[in-house]
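**Student:** Count along the first sequence starting at 1, add 40, and that's the number in my numbering.
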Amino acid sequence: MLLHRDIEYGVRTAIEKAQSAGDLPVFDIPEIRIERPRDLTHGDYATASALQMARLARMAPIKIAHLIADNFVVPDYISDIDVAPPGFINFRLATKYVQGIVDEILHDGVDFGRINIGNNKKAQIEFVSANPTGPITIGRTRGGVIGDTLARLMEAGGYDVTREYYYNDAGRQIQMLGESVQIRYQQLLGKEVDLTDDHYQGQYIVDIAQSLVAEHGDALLDESADYFSDYAKARISKQQKASLDRINIHHDVYYNENDLYSSGRLQEALDVLQENGYVYETDDGAKWLRTTAFGDDKDRVIIRSGDGLPTYRLPDIAYHWHKAQRGFDVVIDVFGPDHHAVAPQVLMGVQMLGFDTDFVHTLVHQIVNLERDGIQLRMSTRRGDYVTLDELVDEVDSDPVRYFMLARSANSGVLFDLTLAIEHSDKNPVYYIQNAHVRCAGIFRKWAEAGFDADADDGADLSLLTHERELAFLRKSAELSAVIEQCITTFEPHHIAFFAYELATTFHTAYEECRVLHSDVPHDLALARLRFYRAAKTVLARVLNLMGMSAPEVM
RNA sequence: GCCCCAGUAGCUCAACGGAUAGAGCAACGGACUUCUAAUCCGUAGGUUGGGGGUUCGAGUCCCUCCUGGGGUACCA
Numbered sequence: 041m042l043l044h045r046d047i048e049y050g051v052r053t054a055i056e057k058a059q060s061a062g063d064l065p066v067f068d069i070p071e072i073r074i075e076r077p078r079d080l081t082h083g084d085y086a087t088a089s090a091l092q093m094a095r096l097a098r099m100a101p102i103k104i105a106h107l108i109a110d111n112f113v114v115p116d117y118i119s120d121i122d123v124a125p126p127g128f129i130n131f132r133l134a135t136k137y138v139q140g141i142v143d144e145i146l147h148d149g150v151d152f153g154r155i156n157i158g159n160n161k162k163a164q165i166e167f168v169s170a171n172p173t174g175p176i177t178i179g180r181t182r183g184g185v186i187g188d189t190l191a192r193l194m195e196a197g198g199y200d201v202t203r204e205y206y207y208n209d210a211g212r213q214i215q216m217l218g219e220s221v222q223i224r225y226q227q228l229l230g231k232e233v234d235l236t237d238d239h240y241q242g243q244y245i246v247d248i249a250q251s252l253v254a255e256h257g258d259a260l261l262d263e264s265a266d267y268f269s270d271y272a273k274a275r276i277s278k279q280q281k282a283s284l285d286r287i288n289i290h291h292d293v294y295y296n297e298n299d300l301y302s303s304g305r306l307q308e309a310l311d312v313l314q315e316n317g318y319v320y321e322t323d324d325g326a327k328w329l330r331t332t333a334f335g336d337d338k339d340r341v342i343i344r345s346g347d348g349l350p351t352y353r354l355p356d357i358a359y360h361w362h363k364a365q366r367g368f369d370v371v372i373d374v375f376g377p378d379h380h381a382v383a384p385q386v387l388m389g390v391q392m393l394g395f396d397t398d399f400v401h402t403l404v405h406q407i408v409n410l411e412r413d414g415i416q417l418r419m420s421t422r423r424g425d426y427v428t429l430d431e432l433v434d435e436v437d438s439d440p441v442r443y444f445m446l447a448r449s450a451n452s453g454v455l456f457d458l459t460l461a462i463e464h465s466d467k468n469p470v471y472y473i474q475n476a477h478v479r480c481a482g483i484f485r486k487w488a489e490a491g492f493d494a495d496a497d498d499g500a501d502l503s504l505l506t507h508e509r510e511l512a513f514l515r516k517s518a519e520l521s522a523v524i525e526q527c528i529t530t531f532e533p534h535h536i537a538f539f540a541y542e543l544a545t546t547f548h549t550a551y552e553e554c555r556v557l558h559s560d561v562p563h564d565l566a567l568a569r570l571r572f573y574r575a576a577k578t579v580l581a582r583v584l585n586l587m588g589m590s591a592p593e594v595m
């Protein structure tokens with residue numbers, strides 16, 4: 041249950057009651073925000089709504105706060121309500137309720153924290169969408185982690201989520217890919233040909249050419265560049281999927297750009313744009329989209345002058361047009377900083393086609409830099425001098441990649457510390473968090489080794505869980521639903537990473553003082569605590585899973 | 001030039017217009033015959049880039065300037 045929603049409802053009802061009794065003047069009640077105060081002395085939940093309403097009510101905020109508190113019907117999960125100057129209202133959870141969170145966790149298991157704000161609405165998240173012209177880079181990796189984590193969170197929030205990858209298998213870049221492989225192939229067979237600056241320079245192109253030589257010898261010398269591009273993109277795409285699999289990222293739909301051509305959808309989009317009067321042609325034969333009508337700086341070319349081929353914008357517009365037609369309630373595009381400028385233009389195009397684009401949210405993230413031993417690595421995407429996802433996973437493993445790519449606001453850059461990421465110590469948040477789960481597992485191992493029944497904690501007396509630190513962990517656990525909600529409504533999945541760390545901190549402090557297998561712990565208390573650690577293990581695993589990370593039994 | 005992002009503790013970063021701006025690392029001082037010290041407890045550290053404004057209340061909103069990063073293709 042989302043307690044803050046329930047409290048919000050209670051506050052609203054209290055205000056309405058005070059209004060109808062004539063104690064408060066009648067006004068439209070503004071949005072009531074229930075917060076989780078940082079300071080424990082301010083309770084578990086708090087609201088500043090009395091302060092916000094002071095002007096509307098033309099009354100002192102402290103007086104309004106008291107009226108709300110007096111009219112608030114106290115649910116059984118709340119033990120205390122305080123009014124604090126200048127007009128805050130603080131709510132404290134009842135200890136019995138907090139103890140009962142153990143049962144709630146064990147009952148819900150891997151679904152703990154699940155909420156139904158999505159109501160099974162259809163959501164589509166497009167992420168990674170790297171061109172099949174090279175390996176997945178660390179920049180794309182970040183988009184992948186952000187997109188996949190948001191997908192997991194939205195599933196936990198009751199959405200029907202489709203993970204989609206726009207597979208760019210047409211156009212000039214693919215042409216360049218084919219030529220690059222062809223030239224390398226010819227070079228390997230002794231021909232004197234050279235790459236131009238527009239071609240792909242990476243070693244992986246040579247590797248692909250070498251495979252072709254190994255398989256076919258010189259039999260492909262008369263093949264067109266298309267042959268080479270078809271081969272290369274299939275092979276690169278397969279490798280991209282394998283790379284993403286290493287960090288637990290999988291897509292439900294690969295949407296091929298080529299399909300936009302073969303289905304006629306691209307032509308249809310162009311026709312409708314023309315019918316709607318948003319396209320004009322210049323003397324050189326280029327066709328322009330009148331994006332200035334929607335506030336753009338200048339109009340944009342959608343059909344090139346020389347060969348009459350579409351620029352990337354037209355298929356992008358046709359693709360998003362199709363997204364609008366496919367009936368998604370919400371569409372999220374996860375883009376890197378190199379694509380952020382294009383996004384508005386695409387949405388303008390969709391609007392020109394007659395669709396409202398409010399259902400689309402563009403989530404732009406900033407770049408990733410690497411540092412090792414405190415020294416930042418210099419990378420340049422041009423010349424193929426970049427670090428790939430595979431190299432990163434080879435060096436630091438999957439879990440640190442997932443965590444560090446996530447644990448920053450998308451608006452901030454990530455400075456990925458390669459030295460820290462592989463460090464097995466409390467300095468490394470990845471191990472700090474996972475170790476909490478390992479410590480739980482350790483208790484159950486020792487319990488079994490001591491010869492006790494594995495399920496001895498069934499029906500344990502949870503009212504014995506009175507240690508402040510145990511209760512603090514349970515309070516923190518109960519915040520998971522609100523964190524999931526926050527991540528979804530703000531499109532900011534990084535909050536779950538910070539929550540995971542906070543959860544681990546409250547765990548470790550409890551673990552320090554609340555022993556199970558210790559001679560001076562009474563048997564009843566030991567059973568209650570075993571129950572507690574069973575719940576803790578469940579929550580920790582749940583949160584790690586939401587982040588796409590593993591929950592190890594031993595480290 | 002224009003657009004986007006950032007500027008918060010020595011460093012890396014949080015903070016849904018609210019209470020004394022928080023964590024981690026680094027620094028300093030403590031705690032292991034322990035269910036894993038891969039941990040815990042404590043101390044210190046700030047004019048939230050500058051200047052205006054809105055508000056009962058601004059790191060957060062508005063204007064302006066400065067600095068850094070990214071983008072500004074008939075490539076995607």
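Note that the Cβ used here is the ideal one computed from N, Cα and C, for glycine as well.
(1) Which same chain residues end up closer than 6 angstroms to residue 320 when comparing Cβ atoms and leaving out the 5 residues on each side of it in sequence?
(2) Measure the CB-CB distance between residue 580 and residue 547 and report whether it falls below 8 angstroms.
(3) Verify whether the separation of the beta carbon atoms of residue 121 and residue 114 is less than 8 angstroms.
(4) In this structure, how does DSSP classify residue 161 when only helix, strand and coil are distinguished?
(5) Taking the DSSP output, what are the residues bridged to residue 295?
(6) What's the C-alpha gap between residue 597 and residue 174?
(7) Closer than 7 angstroms by C-beta to residue 494: which residues in its own chain qualify, once you throw out the five before and the five after it? Chain order, please.
(8) Express the C-alpha separation of residue 216 and residue 331 in angstroms, rounding to a whole number.
(9) May I have the straight-line CA-CA distance separating residue 531 from residue 375, to the nearest angstrom?
(10) Identify which residue in 483, 556 and 473 has its Cα closest to the Cα of residue 589.
(11) What is the rounded straight-line gap between the Cα of residue 41 and the Cα of residue 205?
(12) Among the residues of its own chain, which have a CB less than 7 angstroms from the CB of residue 523, if the five just before and after it don't count?
(13) I need the boundaries of the alpha helix (DSSP H) containing residue 485, first residue and last residue.
(14) Measure the alpha-carbon distance for residue 592 versus residue 83 and round it to whole angstroms.
(15) So, residue 145 versus residue 517, is the Cβ gap smaller than 8 angstroms?
(16) Cα separation between residue 149 and residue 521?
(17) Express the C-alpha separation of residue 471 and residue 165 in angstroms, rounding to a whole number.
(18) Looking only at DSSP bridge pairs, what is residue 408 linked to?
(19) Closest to residue 341 by C-alpha separation, out of 255, 94 and 353, would be which residue?
(20) Got a sec? Which residues, its chain only, sit under 8 angstroms from residue 207 by beta carbon, not counting five neighbours each side?
(21) Need the endpoints of the alpha helix (DSSP H) that residue 321 sits in, please.
(22) Which whole-angstrom value describes the C-beta separation of residue 515 and residue 138, a residue pair presumed to lie in contact below a C-beta threshold of 8 angstroms?
(23) Rank 390, 431 and 58 by C-alpha distance to the C-alpha of residue 280 and give the top, closest one.
(24) Have a look at residue 422 and residue 481 and give me their C-alpha separation to the nearest angstrom.
(25) Count the other CB atoms within 10 Å of the CB of residue 209; is the residue buried (16 or more) or exposed (fewer)?
(26) Which same chain residues end up closer than 7 angstroms to residue 90 when comparing Cβ atoms and leaving out the 5 residues on each side of it in sequence?
(27) Does the pairing of the segment 409-419 with the segment 180-200 give three or more beta-carbon distances under 8 angstroms?
(28) Ends of the beta strand (DSSP E) at residue 374?
(29) Nearest-angstrom Cα distance between residue 58 and residue 93?
(30) Taking all protein chains shown into account, decide if residue 192 is buried (16 or more other Cβ within 10 angstroms of its Cβ) or exposed.
(31) Can you find at least 3 beta carbon pairs, one from the segment 252-266 and one from the segment 301-313, that sit closer than 8 angstroms?
(32) Less than 6 angstroms between C-beta atoms, sequence neighbours within five positions excluded: which residues of the same chain meet that for residue 224?
(33) Taking the C-alpha atoms as reference points, what is the distance between residue 358 and residue 406?
(34) If you reduce the DSSP assignment to three classes, tell me which class residue 42 lands in.
(35) Would the beta-carbon of residue 69 fall within 8 angstroms of that of residue 85?
**Tutor:** In terms of the structure at hand:
(1) 328
(2) yes
(3) yes
(4) coil
(5) 206
(6) Residue 597 lies beyond the stretch modelled for the chain, which goes from 41 to 595, so this question has no answer here.
(7) 488
(8) 29 angstroms
(9) 13 angstroms
(10) 473
(11) 34 angstroms
(12) 535, 536 and 539
(13) 469-489
(14) 34 angstroms
(15) yes
(16) 14 angstroms
(17) 29 angstroms
(18) 454
(19) 353
(20) 169, 172, 277, 294, 295, 296 and 297
(21) Premise fails: residue 321 lies in the beta strand (DSSP E), 319-321, not in any alpha helix (DSSP H).
(22) 6 angstroms
(23) 431
(24) With a pLDDT of 48 at residue 422, under the threshold of 50, the modelled position of this residue cannot be trusted, and the question is left open.
(25) buried
(26) 101, 104, 105, 108, 127 and 129
(27) no
(28) 370-375
(29) 13 angstroms
(30) buried
(31) no
(32) 245, 246 and 249
(33) 26 angstroms
(34) coil
(35) no
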